[in-house]
Amino acid sequence: MIILKLGGSVITRKEAEKPTINPENLARIAREISLSSYQQLIIVHGAGSFGHPFARKYGIGDKISDLKDLQHKMQGFSITQEHVRQLNLKVTEYLRKNGVNAVSLQPSSFIKTENKRIKGADLSIIKNYLDLNFTPVLYGDVVLDSDDSIKMAVLSGDQLIQYLALNLKPERVILATDVDGIYDKDPKKHKDAHLLEVVSSKDPLQIGEAETVDVTGGMGGKVFELLQLADEGIESEIINANRIDIIKNVLNGDKVKGTRIKGIKKELRK
Ligand code: ADP
Ligand code: IPE
18 MIILKLGGSV ITRKEAEKPT INPENLARIA REISLSSYQQ LIIVHGAGSF
68 GHPFARKYGI GDKISDLKDL QHKMQGFSIT QEHVRQLNLK VTEYLRKNGV
118 NAVSLQPSSF IKTENKRIKG ADLSIIKNYL DLNFTPVLYG DVVLDSDDSI
168 KMAVLSGDQL IQYLALNLKP ERVILATDVD GIYDKDPKKH KDAHLLEVVS
218 SKDPLQIGEA ETVDVTGGMG GKVFELLQLA DEGIESEIIN ANRIDIIKNV
268 LNGDKVKGTR IKGIKKELRK
C-alpha cells in the first residue's frame, strides 16, 4: 500500500485570489498515476486556494467569542467545506478520466477532532474500497471539534496522512509538493538553500513561516506530522510534483530526488 499526498501547491494555484485549479498539473499527475504500477493506493490532497483563504477569513479553529461569532464561523465552515469538495470533485474527475478508479471520501462526514487532532475514525470503509482495488481519495477539510471553545477545526491533508499511515501501516508514504524536499531554509526565498536528503527529529530544522494564506502551517506543519510519524516507525518521502515523471517514477519505486524523513530509535530520543 502507498499513501500519496498531492499538495495544494501542486494541484491548485495557491496564490490565486479565487479558488483556481492547476489543470496542467492535474492532467499530467493523473496520467502519471495511471501509468504507474502499485497494488493499493490512497490519495490525500490539500486544499490550496480552495481552502486556506476561506478557513482564514472565517477563523475556523479559532476560539468562538459569542453567538454571532459562532454563526459567522458556521457560515464559513459551510463555504469552506463546499469549496474543498469542489476541488475534490475535480481531482477525482481527472483521475477517473485517466483510468484510475477513484472514490471520494469526505473527511468531515466521518472524522472529528479533539483540540484539532484526529481522535479516532472508522477506517473500515477505506479498507473495503482498497480490497476491491479502488483508489480512495481524501482531502484537507473542515471538521467538527469536540473542544467546546472552538467547535470546528481545519484538518490538514498532512495530519490525515499521519493518521492514515499510523493506522493502515502502508509500505510507503509520499508527499508531493512544489519544491524538491526539505531545505536548510526556504528555497523560494534563499537561492543558496541546500536540499536535505534525509532528516530526523534529531536535526535542528529551520522551516520558514508559510508565505501565503496557509492556515495549516505550510512546510513546517508537514514536517511536524512526518517527524512524528517517522518516530512511530513509518518513514516518508517529500518530492517535487512539478517535475515531470517524478510521480510515475516514485510510485514505480525508482530512486528520485527528494527528502526522506527518517525515524530515530525510541532509546535515542531525549
Ligand atoms: P503543499 O501545499 O504542497 O502541501 P506548502 O505550501 O504547505 O505545500 O509547503 C511548501 C512550501 O514551503 C514551499 O513552496 C516552500 O516555499 C515553503 N518552505 C518554507 N521553508 C521551507 C524549507 N525549509 N524547505 C522547503 N520548503 C520550505
Ligand atoms: C488544508 O489542507 C485544508 C483546509 C484549509 C480546509 P492542507 O493543509 O493539506 O492543504 P495544502 O496542501 O497546504 O494546500
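For the sequence shown, this note's numbering assigns the number 287 to the last residue and increments by one with no breaks. Ideal Cβ placement from N, Cα and C applies to all residues, glycine included.
For Leu84 and Pro204, the rounded distance between their alpha carbons: 43 Å
Straight-line gap, Lys129 to Leu106 (C-alpha atoms, nearest Å): 22 Å
Collapsed DSSP secondary structure at Asp162 in the structure displayed: strand
Residues near Tyr146 by beta carbon distance below 7 Å, same chain, minus five either side: Val120, Pro153
Beta-carbon proximity of Lys239 to Leu185, cut-off 8 Å: no
Boundaries (first-last residue) of the alpha helix (DSSP H) holding Ala47: 40-52
Residues sharing a beta bridge with Lys22, DSSP: Val61, Leu192
Contact check, Val61 vs Gly174, beta carbons under 8 Å: yes
Whether Ala210 touches Lys219 by CB criterion (8 Å): no
Local conformation of Ile96 per DSSP, three classes: helix
Gly68 beta carbon near ligand 1 (any heavy atom closer than 7 Å): no
Identity of the residue in Ile264, Gly237, Ile278 nearest Asp248 by Cα: Ile278
CB contact flag (Ile28, Asn42, <8 Å): yes
heavy atom of ligand 2 below 7 Å from Val154 C-beta: no
Heavy atom of ligand 2 within 7 Å of Asp148 beta-carbon: no
As assigned by DSSP and simplified to three states, the class of Val154: strand
Residue range of the alpha helix (DSSP H) that includes Val240: 235-248
Segment contact flag, the region 65-82 with the region 91-99, C-beta cutoff 8 Å, min 3 pairs: yes
Inter-residue Cα distance where the pair is Val171 and Ser53: 32 Å
Alpha carbon of Glu187 to alpha carbon of Leu244, nearest angstrom: Looking at the sequence provided, one finds Pro at residue 187 rather than Glu. The straight-line gap from Cα to Cα measures roughly 16 Å.
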